[in-house]
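Note sheet for the following structure.
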Amino acid sequence: MRGLATLGTTLTLAIGITLSQATTATAADSLTDLGGDIPYGWGDTAVAAGKVFIGMEDRIVVTDTQGAVTATMTGVSDVTSLVAAPDGSRVYAALRYEHQVVEISPADLSIVRRFDLSAYACPSRLALSGQWLWVSYSCAHYPTDGVISLDLAASTPQPVRLPLDIFEDVELSAAGNTLLVRNDKLLRVYDIQGGVGTLRGTIDADDYNVYTWLDAVVTPDGSTAIVSPGYSGNDFDAWDLTTLTRIRSYGTGSHQLSVAVSPDGTRVAASASAGQYQTPLLVVFDFNTGVKMETVAQPSALQLLPPSLSFSGTELFAVAEGYPNVRHYYLWRLHGATLPPCKMTLTGPDTSGRFKKTTFTGQLTRPDGTTPGAQTVTVSRRSWGENNFEPLPDVTTNADGTFTFTNVPGVETQWTYKVYYDNTADSRSCSASKVVEVSGW
């Protein structure tokens, strides 16, 4: 058996770091171009020290928390999983075909240590709880796959293997004294002490008429798992990890793909798809009540990569891919995703004549239903067949949140009008739109 090699900061020279000028980002949601080359189905993210790390095929792209690219780390490849220490002091990356896990300092983007996992080839997914890093490994043509732990407090961590044999498609999540291992139809729940896991129990998909478990994540206190049944249309649920019973449902029928829980435990985010030819969605739920707080349409012609959801405070990040399977990628940032959204309405005629003045009315309301006072609402429009909205003059609401604006449609046969109110300190943005068909004069 080949032991772990723990190398010092001299290995920093083995990677390249390209710094970029940060660009100014608005408070609104943003989409950052990452270029190409993410192995299919990967594209994990982690957030530490005010930086977002995105695993690409031969590099790690680093952005600030507004989504602006600030650096690129080279000298790494096939980054299948990323996890950040809760205090933001370290980020760990699994390099699948290098058979390594690397420890990164977010402060200067140096690789502090490399852990050689040749004896446990192809590290796939990572989970972190306290000083223990849990690593699943799976490699084609190898006799067994499994899970190991590494004591990060040791100068030379030695792997401790979890006593189970599993094969491919393994996800890990850990918090407190709980480790969750998802593999196809089984969720295995472990008590973890000193890097050793003791099986607490299992949750079998077959017992609940579920085809397979697609994703599962442990809440920050280790008490609850949020579990996605994937494409089966079953409930998307919370499970008590002491009693191994379902305690809450977040709804059905939207084919949840991936889930994440906010650091404060108040929100659950899930990427979802309503169907093969429909716009995929991202849904944010209240963790305690299961109430759907917001449904956000993903950017046009993009789909989210399953493992990529990451919260950082009130921000939520995900990696979106050109659809279908276009090897070009974007970092999608939802600003203030844990905040309650305001409410916006927009009404207007269904039809209008070409070059005829058309009047629209709307209302802005605070999340608690109260009136906002005079506020600025942005207005834009898009003609049929165009991807981008063009700005129109802003409008100011009345004290009760109502507003009115007029516009003259052009010769195109359809126009979409959109009103938008940006984030505030205590509420997330909201918008509304109205489609007007244009014919005659």
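Numbered according to this note's numbering, the sequence shown spans residues 28 to 468.
From the three backbone atoms N, C-alpha and C, an ideal C-beta is built for every residue, glycine too.
Residue burial annotation: R360 is buried, with at least 16 other C-beta atoms found within 10 angstroms of its C-beta.
Per the C-alpha coordinates, the member of E342, R141, E125, H126 positioned closest to S132 is R141. Counting of Cβ neighbours within 10 angstroms places A265 among the buried residues, the total reaching 16 or more. Checking the DSSP bridge columns, you'll see P113 has no partner listed. Collapsing the DSSP output to three states places S145 in a helix.
Using a Cβ distance threshold of 7 Å, D71 and S335 count as a contacting pair.
Going by DSSP, E321 is part of the beta strand (DSSP E) stretching over 319–324. Note on geometry: alpha-carbon atoms of G94 and S337 lie some 13 Å from one another.
With a beta-carbon spacing of about 5 Å, V216 and L268 fall inside the 8 Å limit used to define contacts. In this structure D56 is buried. Its beta-carbon is surrounded by 16 or more other beta-carbon atoms within 10 angstroms. Put simply, the segment 184–194 does not touch the segment 245–254. Fewer than three CB pairs are less than 8 Å apart. By the CB criterion at 7 Å, T424 and A401 fall inside the cutoff.
The beta carbon of V438 is closer than 6 Å to those of R381 in its chain, skipping five residues each way along the sequence.
Listed in chain order, the non-local C-beta contacts of A202 below 7 Å within the same chain comprise S156, V245, T246, P247, D248, G249, local neighbours out to five positions each way being set aside. Residue pairing for P436: DSSP places it in no beta bridge.
Three or more beta-carbon pairs separated by less than 8 Å link the segment 393–410 to the segment 421–435, which places the two stretches in contact. Taking the Cα positions, Y124 is about 47 Å away from S460. With a beta-carbon spacing of about 6 Å, L213 and D231 fall inside the 8 Å limit used to define contacts.
Counting along the chain, the unbroken beta strand (DSSP E) around S176 starts and ends at 173–178. Contact between V103 and R86 holds, since their C-beta atoms are separated by about 7 Å, short of 8 Å. Exclusion of the five residues before and after R227 leaves V216, Y217, D218 as the residues of its chain whose Cβ lies within less than 7 Å of its Cβ. P334 carries a helical assignment under DSSP once its states are collapsed to helix, strand and coil. A distance of 7 Å or more separates the beta carbons of L177 and Q158. Under the three-state reduction of DSSP output, A232 falls in the helix class.
Between Q390 and T374, the C-beta gap is not smaller than 7 Å, which leaves the two residues out of contact.
Judged by DSSP in its simplified three-state form, Y238 adopts coil rather than helix or strand. Secondary structure at R215: strand, using DSSP grouped into helix, strand and coil. In the three-state reduction of the DSSP assignment, Y447 falls in the strand class. By the 16-neighbour rule on beta-carbons within 10 angstroms, T183 is exposed.
In the structure shown, the three-state DSSP call for Y124 is helix. For L206, the enclosing beta strand (DSSP E) begins and ends at 205–210. Counting only residues of its own chain and dropping the five nearest sequence neighbours on each side, T431 has a CB closer than 6 Å to the CB of T388. Residues K370, G428 of the same chain have their beta carbon placed closer than 6 Å to that of T392, with the five preceding and five following residues left out of the count.
Its Cα nearest to that of D105, the residue E84 stands out among S116, E84, A287. Rounded to the nearest angstrom, the gap between the Cα atoms of S165 and F314 is 33 Å.
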